[in-house]
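Engineer:
Numbering (this note's numbering), first residue to last: 1 to 142.
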């Protein structure tokens with residue numbers, strides 16, 4: 001019986017306390033919302049880079065529309081990842097949303113400009129912002 005107890009004790013997973021879980025979840029959320037804050041703050045600088053136009057107001061509005069795209073798809077992310085969480089589990093779904101958000105954020109950071117690849121740059125930017133919005137919505141709904 002001593003062997004059985006030792007084996008059971010050796011295979012138990014370490015448990016994390018509530019403060020650790022709250023800190024980890026809060027850190028992830030802060031980083032993700034920081035990305036949205038950073039994009040909104042830098043929109044005057046990003047607008048001519050990704051949405052060049054003779055009219056600076058049109059460039060700024062286009063950049064803010066790309067920013068808004070992330071917010072518009074959040075409810076869909078909650079529905080999609082919420083259903084996925086019901087089917088395959090919340091932990092796995094949370095890891096997927098964190099990964100999607102991280103990958104999309106990195107790709108936005110290394111995205112070539114309009115001058116480098118043309119009209120594809122703003123299209124990719126909007127698609128990445130949509131992916132970020134889906135992931136962020138999925139974290140709350142999933």
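Cβ atoms here follow ideal geometry from the backbone N, Cα and C, with glycine treated the same way.
Just checking my contact of residue 131 with residue 104 at CB under 8 Å: how many whole Å lie between their CB atoms?
Structural biologist: Confirmed, about 4 Å.
Engineer: Could you check the C-alpha separation between residue 74 and residue 108 for me, to the nearest Å?
Structural biologist: For residue 74 and residue 108, the distance between alpha carbons rounds to 18 Å.
Engineer: Could you pull out every unbroken alpha helix (DSSP H) segment of at least 4 residues lying fully inside the segment 47-95, listed in chain order?
Structural biologist: You should have 56-72 and 74-88.
Engineer: Would you report the Cα separation of residue 24 and residue 39, rounded to the nearest angstrom?
Structural biologist: Between residue 24 and residue 39, the C-alpha separation is close to 23 Å.
Engineer: Determine the extent of the alpha helix (DSSP H) in which residue 114 is found, giving its start and end residues.
Structural biologist: That run of the alpha helix (DSSP H) goes 114-117.
Engineer: Can you list, in chain order, the residues of its chain whose CB lies under 8 Å from that of residue 56, leaving out five sequence neighbours each side?
Structural biologist: Only 47 and 48 meet the Cβ criterion.
Engineer: Using DSSP with H/G/I as helix, E/B as strand and the rest coil, what is residue 15?
Structural biologist: Residue state, collapsed to three classes: coil.
Engineer: Rounded to whole angstroms, what's the CA-CA distance from residue 136 to residue 35? Just pull it up for me.
Structural biologist: Residue 136 and residue 35: Cα-Cα distance of roughly 11 Å.
Engineer: Relative to the C-alpha of residue 26, which candidate in 122, 81 and 98 has its C-alpha closest?
Structural biologist: Of the listed residues, the one whose Cα sits closest to residue 26 is 98.
Engineer: Report the CB separation of residue 78 from residue 129 in whole angstroms; it is logged as a contact under 8 Å.
Structural biologist: No, residue 78 and residue 129 are not in contact; Cβ-Cβ is about 17 Å, not under 8 Å.
Engineer: Give a yes or no on whether the C-beta atoms belonging to residue 50 and residue 122 are separated by under 7 Å.
Structural biologist: Yes; because the gap between Cβ atoms is below 7 Å, this pair is in contact.
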